[in-house]
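J.: Per my numbering, the sequence shown runs over residues 1 to 798.
Note that beta-carbon positions come from the ideal geometry of N, C-alpha and C, so glycine has one too.
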Amino acid sequence: MYKVFPALFILTLLTNIYYSQETSQNQEIENFSTAISYSSGEINELYIPAPNITPYSVRTAVFDIDYVSVPADVQAVVDFAASVWHTALNATIPITIKVKWEPLGCNGGICTLGSTSINLEGLGGGLGNDPYDYPTSLANQLDNTDYSWSSDIVFTLNSDYPNFYKGIDGDCDSTQIDLVTVTLHEIGHGLGFASGVWSGLGFTGFGSNFYNTFIQIGDAPGGTAMDAVSWSTSVESDNLFWNGANTIAANNGSMPAIYAPNPYEGGSSISHFDPSSPSITANILMRPGLSDGQVIHSPSVLDMALLEDMGWVINCIFDGCTDPVACNFDPNACNDDGSCIQPEWYLPNIVGGGHAILACSYISGYSKAINQSCAADVIASDSFCLSTSWDPVCQDAYECCSDIQNHGCTELYACNYDSTACWDDGSCIYCAPNYSCFNVTFTGTENILIGTSGSWTLTGSDGVIEESGSYSFGISGGVSSIPSSCVPDDCYTFEVQEASEWSLPVSWSLGFDSNTYSSEGASGNTLSFASASASGCMDPIACNYDASLCFDDGSCNYQDILTLDLLNTTWYLESEWGCNTFLPTIINSFLFFNGDNTFYTNLGYQGVWSNCLNTITFLYDNGTIYNGSLDFFTGQISGTMNNPSGILLNYGCFIMNQATPGCLDDTACNYDINVTHDDGSCTFPGCSDINACNYFVDAGCLEDCVYPLGQTNQVLGCTYPTAVNYDPTATVDNGTCMFDLIDPGMCGTGTYFDVVEGMCLPDGTGSGVTCMGDLDGDGFVNTNDLLSFLSVFGSTCP
Numbered sequence: 001m002y003k004v005f006p007a008l009f010i011l012t013l014l015t016n017i018y019y020s021q022e023t024s025q026n027q028e029i030e031n032f033s034t035a036i037s038y039s040s041g042e043i044n045e046l047y048i049p050a051p052n053i054t055p056y057s058v059r060t061a062v063f064d065i066d067y068v069s070v071p072a073d074v075q076a077v078v079d080f081a082a083s084v085w086h087t088a089l090n091a092t093i094p095i096t097i098k099v100k101w102e103p104l105g106c107n108g109g110i111c112t113l114g115s116t117s118i119n120l121e122g123l124g125g126g127l128g129n130d131p132y133d134y135p136t137s138l139a140n141q142l143d144n145t146d147y148s149w150s151s152d153i154v155f156t157l158n159s160d161y162p163n164f165y166k167g168i169d170g171d172c173d174s175t176q177i178d179l180v181t182v183t184l185h186e187i188g189h190g191l192g193f194a195s196g197v198w199s200g201l202g203f204t205g206f207g208s209n210f211y212n213t214f215i216q217i218g219d220a221p222g223g224t225a226m227d228a229v230s231w232s233t234s235v236e237s238d239n240l241f242w243n244g245a246n247t248i249a250a251n252n253g254s255m256p257a258i259y260a261p262n263p264y265e266g267g268s269s270i271s272h273f274d275p276s277s278p279s280i281t282a283n284i285l286m287r288p289g290l291s292d293g294q295v296i297h298s299p300s301v302l303d304m305a306l307l308e309d310m311g312w313v314i315n316c317i318f319d320g321c322t323d324p325v326a327c328n329f330d331p332n333a334c335n336d337d338g339s340c341i342q343p344e345w346y347l348p349n350i351v352g353g354g355h356a357i358l359a360c361s362y363i364s365g366y367s368k369a370i371n372q373s374c375a376a377d378v379i380a381s382d383s384f385c386l387s388t389s390w391d392p393v394c395q396d397a398y399e400c401c402s403d404i405q406n407h408g409c410t411e412l413y414a415c416n417y418d419s420t421a422c423w424d425d426g427s428c429i430y431c432a433p434n435y436s437c438f439n440v441t442f443t444g445t446e447n448i449l450i451g452t453s454g455s456w457t458l459t460g461s462d463g464v465i466e467e468s469g470s471y472s473f474g475i476s477g478g479v480s481s482i483p484s485s486c487v488p489d490d491c492y493t494f495e496v497q498e499a500s501e502w503s504l505p506v507s508w509s510l511g512f513d514s515n516t517y518s519s520e521g522a523s524g525n526t527l528s529f530a531s532a533s534a535s536g537c538m539d540p541i542a543c544n545y546d547a548s549l550c551f552d553d554g555s556c557n558y559q560d561i562l563t564l565d566l567l568n569t570t571w572y573l574e575s576e577w578g579c580n581t582f583l584p585t586i587i588n589s590f591l592f593f594n595g596d597n598t599f600y601t602n603l604g605y606q607g608v609w610s611n612c613l614n615t616i617t618f619l620y621d622n623g624t625i626y627n628g629s630l631d632f633f634t635g636q637i638s639g640t641m642n643n644p645s646g647i648l649l650n651y652g653c654f655i656m657n658q659a660t661p662g663c664l665d666d667t668a669c670n671y672d673i674n675v676t677h678d679d680g681s682c683t684f685p686g687c688s689d690i691n692a693c694n695y696f697v698d699a700g701c702l703e704d705c706v707y708p709l710g711q712t713n714q715v716l717g718c719t720y721p722t723a724v725n726y727d728p729t730a731t732v733d734n735g736t737c738m739f740d741l742i743d744p745g746m747c748g749t750g751t752y753f754d755v756v757e758g759m760c761l762p763d764g765t766g767s768g769v770t771c772m773g774d775l776d777g778d779g780f781v782n783t784n785d786l787l788s789f790l791s792v793f794g795s796t797c798p
């Protein structure tokens, strides 16, 4: 009941309820409950905004409202109030309300602002085991059955009251009563926030209203519950409390006080929270009083908790700070409104005088850290600063963090690691797989006349420029660093182009893939290099050849597994171009493998070889390549050959067997029965005496000399007296004489020693003594000497 006094508006809502007993009796009762407001001039310009209204299409509760003679602007107010409640509740059965806009009269400055009626219903339609009655709107939800024969809630607003603020924006001034607040309050009673006690015949009406089962005398746990006797003695005791679990939790663990003034106030007593209790603040909707300018567009946590105790399923509608560590954490808030106030770091005034403290307010002996983020970072990286002491190590780190000039990447393996940084600023760059880190620094020299400028490019193996930039220095010179970046693994050419011929040369240092290069090692202004993953073996015959590489780093491996001893074996190679064609075999040779992966043949050819997983490859210097494999049973290597520059055919087949080269001619001196392939090395027997009929200058072994008839029993040897091996018993000189070349008298008068012939020869003067070949003793070897020879030995061999 609203009572209006000239200056003060106190919302006092009297709600009389028609009860059903054993059966459902929920016929509509009108003007049975009234609310009167009194005004004493008190002003409370409180503003509680509405929650975020759930869109009509996804609302969780439906309010069916029947308007009777209600103007459009008032309907808009009621609709808005209903949307707040349909946001706050979760109901499966529609809640029906009838709203009237009628004169309720004003008499002597006292005006009735509105009146409300509520229907009650027992569960199971009054036929169940539950002895209590509930508001019909709640009984419908609990039984999931619509018991309503008429409106669940009926309230009338006084059309005679002149100072209602009928807007929904909350802009109610201090001379008006906010109609949205009044409507929300009335609907709250209709949902069950009502006792039904009235003053007739010693306070009756306790009945079976489920609401009254939560009323307790005193706030002690396990206090005295109300019964018929207690009602008559306690309604005016100012000592009643609500004993409901949800409401106690919302009230910080204590029972909230229920309004029970003395004397009894019809329509207000027992059906509101007690505003004189410290916990019942002005933002609570279900208080008995309403002041001018007071705007409450949302039920409070306590209001909703009481309805939840009654059995309503509620939605969280409260905005606030949801961060549990915030200074203003609101445990009842479910929608964070961004209002959280975080605690801050406080550091001891004296280094080492305590540990860091996270607090919401000033602490004696401490000062709030000027740089909160740095304090937090230091503590996160060193727990000692928080758990034990803010010592010099903590302070140095804090000061370093606060000086952004010393910030950078401190991770050693990061692409942009900065050895001069004392604080990691989170800028570290880590290259993804198959990417390498690139950076370059230019240094310009000082010159009082001209500066230095130019551009640079980093070009990949495909000719695409991956990175580029420019540099420029004034006459004072300086250093310019290009920020680190990650580029794909590749072979690169770095080139610096000076802006003009007048520009001074610039020096530079380049970092790439953990390597450092400088202008001193470049060829002019150009440098080529490659990432590790782009470098490797580029020799096609090597075991670790990689066709995707662009830079040969000398790592080629030519021997994976030696399946046989290639090195200590002579191989006989037989090749045929065209493979079984009419063409003749064109290459038969002995082949020798060297340990340095080169080979040569007895025909003078050479090249390189590899043996990779039983695949044997040898590449001739002329480009012919052989690829074959070993037959483990026969020991034979066979395969194909290819010569891109072949004239007739560019392909062929070959076989290669282990060979024992040597002489296969059994008449030769060096015939070897173990030889498998004749290498042309056979030597044959002969006589080394040039006077013998069977003289053989290339004899591989000696045989008996055969002389002309009549010359037998000759003794072969050196017949020259001046020879060091002169044999006085020799009758025939066999050409074995050896002379002392140092002795100037080795040759007689008229002769000289011929180095080529290895003997003394006439010098042509005719004064010499007889020498070999001068058969007639005239000092010359000529035709006369031949005739003398023939006359003695004849022209035929015996």
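Rounded to whole angstroms, what is the Cα-Cα separation between W312 and C400?
T.: As a first step, residue 312 must be located in the sequence shown, where it is residue number 312. As a first step, residue 400 must be located in the sequence shown, where it is residue number 400. One C-alpha to the other measures close to 58 angstroms.
J.: Can you check whether the CB of Y600 is closer than 7 angstroms to the CB of F592?
T.: Residue 592 sits at position 592 when you count from the first residue of the sequence shown. Residue 600 sits at position 600 when you count from the first residue of the sequence shown. Yes.
J.: Enumerated in chain order, which unbroken segments of the beta strand (DSSP E) with a length of 3 residues or greater are wholly contained in the stretch 453-493?
T.: Segments of the beta strand (DSSP E) lying fully in the stretch 453-493: 465-473, 478-488.
J.: Within its chain, find whatever has a CB closer than 8 angstroms to the CB of I53; leave out the 5 residues flanking it on each side and keep chain order.
T.: As a position in the sequence shown, residue 53 is number 53, starting the count at 1. Only S83, V84, T87 meet the Cβ criterion.
J.: Hey, could you find the ends of the alpha helix (DSSP H) E186 is sitting in?
T.: Along the sequence shown, read from residue 1 onward, the residue named residue 186 stands at position 186. E186 -> alpha helix (DSSP H) spans 179-190.
J.: Can you tell which of M310, S476, C491 has its C-alpha closest to the C-alpha of Y134?
T.: Sequence index remark: in the sequence shown, residue 134 carries index 134 (1-based). Ranking the options by Cα distance to Y134, first place goes to M310.
J.: From this set, N328, G253, L113, I475, which residue's C-alpha is nearest S339's C-alpha?
T.: Against the sequence shown, residue 339 aligns to sequence position 339. Among N328, G253, L113, I475, the Cα nearest to that of S339 is on N328.
J.: Kindly indicate if chain B contains any beta-carbon less than 7 angstroms away from that of I317.
T.: No chain B is part of this structure, which consists of one protein chain only.
J.: By how many angstroms is the C-alpha of I217 removed from the C-alpha of A225?
T.: Start at 1 with the first residue of the sequence shown, and residue 225 comes out as number 225. Start at 1 with the first residue of the sequence shown, and residue 217 comes out as number 217. Those two C-alpha atoms are separated by around 6 angstroms.
J.: Cα-Cα, which of F512, A530, V506 is closest to E520?
T.: By one-based count along the sequence shown, residue 520 stands at place 520. Selected option, being the one with the closest Cα: V506.
J.: What is the residue span of the beta strand (DSSP E) that Q606 lies within?
T.: Here residue 606 refers to the residue found at position 606 when the sequence shown is read from its first residue. That run of the beta strand (DSSP E) goes 606-612.
J.: Counting Cβ pairs closer than 8 angstroms, one from the stretch 607-626 and one from the stretch 680-687, do we hit at least three?
T.: Taking 8 angstroms as the limit for Cβ pairs, the verdict is that the stretch 680-687 does not touch the stretch 607-626.
J.: Within 10 angstroms of its Cβ, does W231 collect 16 or more other Cβ (buried), or is it exposed?
T.: To locate residue 231, count along the sequence shown from 1; it is residue 231. With 16 or more other Cβ atoms within 10 Å, it is buried.
J.: Would you kindly report the start and end of the unbroken alpha helix (DSSP H) that includes D79?
T.: The residue labelled residue 79 in the question sits at position 79 within the sequence shown. Note, D79: alpha helix (DSSP H), 72-88.
J.: Span of the alpha helix (DSSP H) holding E308?
T.: For the purposes of this step, residue 308 is identified with residue 308 of the sequence shown, where counting begins at 1. Taken as a continuous stretch (DSSP letters only), the alpha helix (DSSP H) holding E308 covers 301-310.
J.: For D396, which three-state DSSP category applies?
T.: As a working note, residue 396 is residue 396 in the sequence shown. D396 falls in the helix class under three-state DSSP.
J.: Relative to the C-alpha of G460, which candidate in T441, D490, Q294 has its C-alpha closest?
T.: To locate residue 460, count along the sequence shown from 1; it is residue 460. Closest by alpha carbon: D490.
J.: Short check: CB of Y346 to CB of K368, under 7 angstroms?
T.: Looking up residue 346 in the sequence shown gives position 346. Looking up residue 368 in the sequence shown gives position 368. The answer is yes: Cβ separation under 7 angstroms.
J.: If the criterion is Cβ atoms closer than 7 angstroms, does the pair S610 and A542 meet it?
T.: Residue numbering aside, residue 610 sits at position 610 when the sequence shown is read from its first letter. Residue numbering aside, residue 542 sits at position 542 when the sequence shown is read from its first letter. Taking 7 angstroms as the Cβ cut-off, S610 and A542 qualify as a contacting pair.
J.: What three-state label does DSSP hand W390 in the structure shown?
T.: Translated into positions along the sequence shown, residue 390 becomes position 390. W390 falls in the coil class under three-state DSSP.
J.: In whole angstroms, what is the alpha-carbon distance linking I404 and G454?
T.: Sequence index remark: in the sequence shown, residue 404 carries index 404 (1-based). Sequence index remark: in the sequence shown, residue 454 carries index 454 (1-based). Approximately 31 angstroms, taken between the alpha carbons.
J.: So for D689, helix, strand or coil by DSSP?
T.: Indexing the sequence shown from 1 puts residue 689 at position 689. Here D689 sits in coil by DSSP.
J.: Who are the near neighbours of S528 in its chain, counting only those whose CB is closer than 6 angstroms to its CB and skipping five residues on each side?
T.: Stepping through the sequence shown from its first residue, residue 528 is reached at position 528. Here the set comprises T493.
J.: For the candidate residues D292, G353, S361, whose alpha-carbon lies nearest to that of A326?
T.: Your numbering for residue 326 matches position 326 in the sequence shown. Taking only the C-alpha atoms, the option nearest A326 is S361.
J.: Can T181 be considered in contact with the ligand FMN, in the sense that its beta carbon sits closer than 6 angstroms to one or more heavy atoms?
T.: No copy of the ligand FMN appears in this structure; indeed no ligand is present at all.
J.: Looking only at its chain, what residues have a beta carbon closer than 7 angstroms to the beta carbon of A72, apart from the 5 residues adjacent to it on each side?
T.: As a first step, residue 72 must be located in the sequence shown, where it is residue number 72. So the list is empty, once near-sequence residues are dropped.
J.: For G595 versus L567, is the C-beta distance shorter than 7 angstroms?
T.: Start at 1 with the first residue of the sequence shown, and residue 595 comes out as number 595. Start at 1 with the first residue of the sequence shown, and residue 567 comes out as number 567. Taking 7 angstroms as the Cβ cut-off, G595 and L567 qualify as a contacting pair.
J.: What are the complete alpha helix (DSSP H) segments, minimum 4 residues, inside the stretch 136-166?
T.: Fully enclosed alpha helix (DSSP H) runs of 4 or longer: 136-143.
J.: Are the beta-carbon atoms of F155 and E121 separated by less than 7 angstroms?
T.: Here residue 155 refers to the residue found at position 155 when the sequence shown is read from its first residue. Here residue 121 refers to the residue found at position 121 when the sequence shown is read from its first residue. Contact: no.
J.: Who are the near neighbours of N90 in its chain, counting only those whose CB is closer than 6 angstroms to its CB and skipping five residues on each side?
T.: Residue mapping note: residue 90 aligns to position 90 of the sequence shown, counting from 1. The residues are T60, V313, N315.
J.: When you compare only the Cα positions, how much space is there between N252 and I280?
T.: Position 252 of the sequence shown, counted from the first residue, corresponds to residue 252. Position 280 of the sequence shown, counted from the first residue, corresponds to residue 280. Each residue's alpha carbon lies about 12 angstroms from the other.
J.: So for C663, helix, strand or coil by DSSP?
T.: What you label residue 663 is simply residue 663 of the sequence shown in a count that begins at 1. It is a strand residue.
J.: Per DSSP, what kind of secondary structure is V378 in: helix, strand or coil?
T.: Stepping through the sequence shown from its first residue, residue 378 is reached at position 378. Helix.
J.: So, for I357: in the same chain, excluding its five sequence neighbours on each side, which residues have a beta-carbon less than 7 angstroms away from its beta-carbon?
T.: In the sequence shown, the residue the question calls residue 357 occupies position 357. Counting only Cβ-Cβ distances below 7 angstroms, and skipping sequence neighbours, we find Y346, I363, Y366.
J.: When we look at the beta-carbon of P288 and count the other beta-carbons within 10 Å, is it buried (16 or more) or exposed?
T.: Mapped onto the sequence shown, residue 288 falls at position 288. Buried, because 16 or more other Cβ atoms sit within 10 Å of the Cβ of P288.
J.: Does the separation of the CB atoms of E495 and T457 fall below 7 angstroms?
T.: Counting from 1 along the sequence shown, the entry for residue 495 is found at position 495. Counting from 1 along the sequence shown, the entry for residue 457 is found at position 457. Contact: yes.
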